[in-house]
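Enquirer: For the sequence shown, the numbering used here begins at 7 and goes up steadily by one.
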Amino acid sequence: MTVSYDFSGRRAVITGGARGLGRGVAERLRAAGATVEAWDVDPVPVEGIVPVGVDVTSAHQVAAATARAVAAGGIDMLVLAAGYGGTRRPVEAVTESEWRQVIDVTLTGVFQVCRAVVPHMRRAGRGRIVTVASLAAKEGRAGLAAFSAASAGIVAFTKALGRELADTPVRANCIAPAGIDTEFVRAMAPAVVEAMVARSPMKRLGDVAEFAELVAWLCSDACSYNSGAVFDLSGGQASF
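Following this line, the structure appears as structure tokens:
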């Protein structure tokens, strides 16, 4: 079921917006009338969406893209979907550079973009921020220690940011999804995907449209009393 939202006149920035969850969100917000910029290190043209090449680990690139977006009309909605899971391997086999790459893209990228965008939202007196973590933040994933740590960091960061913004009209919340049916997941080994499905009480992967629908609500005026909250999207898998 798709709920009707009217985001006409509002402007959204989606990091990691060229593919997967980010693209699904970009298309959903565009369909609701928003003007959407898809920030991505490898941007691709999508009808009705403005592609912007941005490496979220670069403070300079983030600052420049933010300045352009603000000059074009502001940023009313910010969805932080850029992330990198790394290669599945045990902790002792992870190199320092691999660890840093996962943390830099997945966690530090969230910080870089929020640090640049939040002051503009404060001054504008409005804004919605949605970060994207993972159920791995709560449960940990064997072979994905860096990604699990980065996801947990996003959860804690969003809780802190939500408290900082609670006395303003800006809201910051987080989604922690389990396995969602994206190109990234479909590229995994069949046994890994089968294990994801087996862990789900609903015995299936989530759909990108289901994820995007939750984001749309979190970006709407209906989400007014939540800030620093974490919303599981796990088909009943989350246990706390």
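Even for Gly, the Cβ is constructed at its ideal location relative to N, Cα and C. Note that the coordinates shown come from a computational prediction; the quantities given were computed from them, not determined experimentally.
Give me whichever residues DSSP pairs with residue 58 in a beta bridge.
Expert: Looking at the DSSP assignment, residue 58 forms a beta bridge with 45.
Enquirer: Could you tell me whether the Cβ atoms of residue 62 and residue 44 are closer together than 8 Å?
Expert: Result no, Cβ atoms of residue 62 and residue 44 do not sit closer than 8 Å.
Enquirer: Do you know whose CA, among 142, 152, 112, lies nearest residue 105's CA?
Expert: The shortest Cα separation from residue 105 among 142, 152, 112 belongs to 152.
Enquirer: Could you work out which residue in 238, 16, 38 is closest to residue 143 when comparing CA atoms only?
Expert: It is 238.
Enquirer: What's the C-alpha gap between residue 216 and residue 178?
Expert: Going from the Cα of residue 216 to the Cα of residue 178 covers about 20 Å.
Enquirer: What number of angstroms, rounded off, separates the C-alpha of residue 248 from the C-alpha of residue 24?
Expert: Absent from the structure is residue 248, since the part of the chain shown begins at 7 and ends at 246.
Enquirer: For residue 16, which residues in the same chain have their Cβ closer than 6 Å to its Cβ, ignoring the five residues on either side in sequence?
Expert: Result list for residue 16: 40, 82, in chain order.
Enquirer: For residue 139 and residue 159, I'd like the C-alpha separation in whole angstroms.
Expert: Their backbone Cα atoms lie some 8 Å apart in a straight line.
Enquirer: Return the chain-ordered ranges of every alpha helix (DSSP H) run that is complete within the segment 143–208 and spans a minimum of 4 residues.
Expert: List check, alpha helix (DSSP H) in window: 151–170, 189–192, 196–205.
Enquirer: So, under 8 Å CB-CB, residue 221 and residue 124 are touching, yes? Tell me the CB distance rounded to an integer number of Å.
Expert: Going by Cβ atoms, the distance from residue 221 to residue 124 rounds to 18 Å, so no, they are not a contact pair.
Enquirer: What are the residues that DSSP puts in a beta bridge with residue 212?
Expert: According to DSSP, which records beta bridges pairwise, residue 212 is partnered with 186.
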